[in-house]
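J.: Got a structure here, written out as structure tokens. Questions coming.
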Amino acid sequence: IRPDFGGDFTHELSLSEAIENGHIVPFNYFGIDDDTDFTGIHWKNGGAIEREIESVLAENGRQLEHVYETLTEYVQGVDSLRGIGFCAGINHAERARDYMNQKGVKSAILTGASTQEERRKVVADMTTFPPKVNLVFVADLFNEGVDIPCVNTVLMMRPTQSPLVFIQQLGRGLRIAPV
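If you count by our numbering, then the sequence shown holds residues 13 to 191, one letter each, in order.
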């Protein structure tokens, strides 16, 4: 699109400017170390091979435990939690959903293969009060083009070397919810 505008951006807005102008909500960001070693991952075109990431995450049984401990420490009332967990793949998302459900955090999974009806139902279940689903773990879904204003927590549970993917995923939790 830049060539259509003489090679220049038509507009650029930083996160802080977007917050100041009321376009997105202020947020707290916590980077939590879970001791996962990704040094053996083969990165290709800014991304990694999904099965390699999932293998590393499966070997580190503590990742999900760290996520749960962090949620209970930083989120005020897990019952009011409405979050999206970005996972490395379907197996990772299934393990995360199962682990959180065992801990009493109502969780679901959606993937790129989920039907529109399945997606609508899970999103509707997040918006009820109290929510029927507290966390939805996603694989290959919701990076962009989705607006779920009730989301108040984003879990970045997979590595990325792409600043664009990071900002897109972060943005899923920055929407202003209607009052």
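Each residue gets a CB set at the ideal place from its N, CA and C atoms; glycine is no exception.
Are Thr172 and Asp152 close, meaning C-beta to C-beta below 8 Å?
T.: Residue 172 sits at position 160 when you count from the first residue of the sequence shown. Residue 152 sits at position 140 when you count from the first residue of the sequence shown. Remark: C-beta atoms of Thr172 and Asp152 do not approach each other more closely than 8 Å.
J.: Report the three-state DSSP secondary structure of Leu122 (helix, strand or coil).
T.: As a position in the sequence shown, residue 122 is number 110, starting the count at 1. The answer is strand: DSSP assigns Leu122 an E or B state.
J.: Can you have a look at Ile107 and say buried or exposed, based on whether 16 or more other CB atoms are within 10 angstroms of its CB?
T.: Taking the first residue of the sequence shown as 1, we reach residue 107 at position 95. The identity of residue 107 in the sequence shown is Arg, whereas the question assumes Ile. The residue is buried, with at least 16 neighbouring Cβ atoms inside 10 Å.
J.: From Ala125 to Val37, what distance separates their C-alpha atoms?
T.: Taking the sequence shown and counting its residues from 1, the one referred to as residue 125 is at position 113. Taking the sequence shown and counting its residues from 1, the one referred to as residue 37 is at position 25. In a straight line, the C-alpha of Ala125 is about 30 Å away from that of Val37.
J.: Could you tell me which of Ser174, Ala189, Ser28, Lys133 sits nearest to Lys56, measuring between CA atoms?
T.: The count along the sequence shown starts at 1 and reaches residue 56 at position 44. It is Ser174 whose Cα lies nearest to the Cα of Lys56.
J.: To the nearest angstrom, report how far apart Lys133 and Gly19 are at their CA atoms.
T.: Position 121 of the sequence shown, counted from the first residue, corresponds to residue 133. Position 7 of the sequence shown, counted from the first residue, corresponds to residue 19. Cα-Cα distance, rounded: 42 Å.
J.: Return the chain-ordered list of same chain residues with a C-beta closer than 6 Å to the C-beta of Ala189, the five sequence neighbours on each side being excluded.
T.: Within the sequence shown, the letter at position 177 stands for residue 189. Excluding positions up to five away in sequence, the list reads Pro161, Cys162.
J.: Looking at the unbroken beta strand (DSSP E) that takes in Val163, where does it start and where does it end?
T.: In the sequence shown, the residue the question calls residue 163 occupies position 151. Premise fails: Val163 is in no beta strand (DSSP E) and is neither H nor E.
J.: Which full runs of the beta strand (DSSP E) of 3+ residues lie inside the segment 71–100, going along the chain?
T.: 95–98
J.: Candidates Gly73, Glu71, Val79: which alpha carbon is nearest Ile44's?
T.: Numbered from its first residue, the sequence shown carries residue 44 at position 32. The shortest Cα separation from Ile44 among Gly73, Glu71, Val79 belongs to Val79.
J.: Have a look at the DSSP bridge pairing and note the partners of Leu147.
T.: Position 135 of the sequence shown, counted from the first residue, corresponds to residue 147. Bridge partners of Leu147: Gly95, Ser119.
J.: What are the start and end residues of the alpha helix (DSSP H) that includes Thr139?
T.: Locating residue 139 in the sequence shown gives position 127, where the first residue counts as 1. First-last of the alpha helix (DSSP H) with Thr139: 128–139.
J.: Give the range of the alpha helix (DSSP H) segment to which Asn113 is assigned.
T.: As a working mapping, residue 113 is identified with position 101 in the sequence shown. For Asn113, the enclosing alpha helix (DSSP H) covers residues 102–114.
J.: Just reading off the alpha helix (DSSP H) that Gln181 is part of, what are its end residues?
T.: Counted from its first residue, the sequence shown places residue 181 at position 169. Its alpha helix (DSSP H) spans residues 175–183.
J.: Ordered along the chain, which non-local residues of its own chain (more than five positions away) have a Cβ less than 7 Å from that of Glu66?
T.: The residue you call residue 66 lines up with position 54 of the sequence shown. Ala100, Gly101, Asn103, His104.
J.: Where does Gly185 land, buried or exposed, given buried means 16+ other C-beta within 10 angstroms?
T.: Locating residue 185 in the sequence shown gives position 173, where the first residue counts as 1. Buried.
J.: Could you pull the DSSP bridge partners for Met168 from this structure?
T.: Residue numbering aside, residue 168 sits at position 156 when the sequence shown is read from its first letter. Answer is Phe98.
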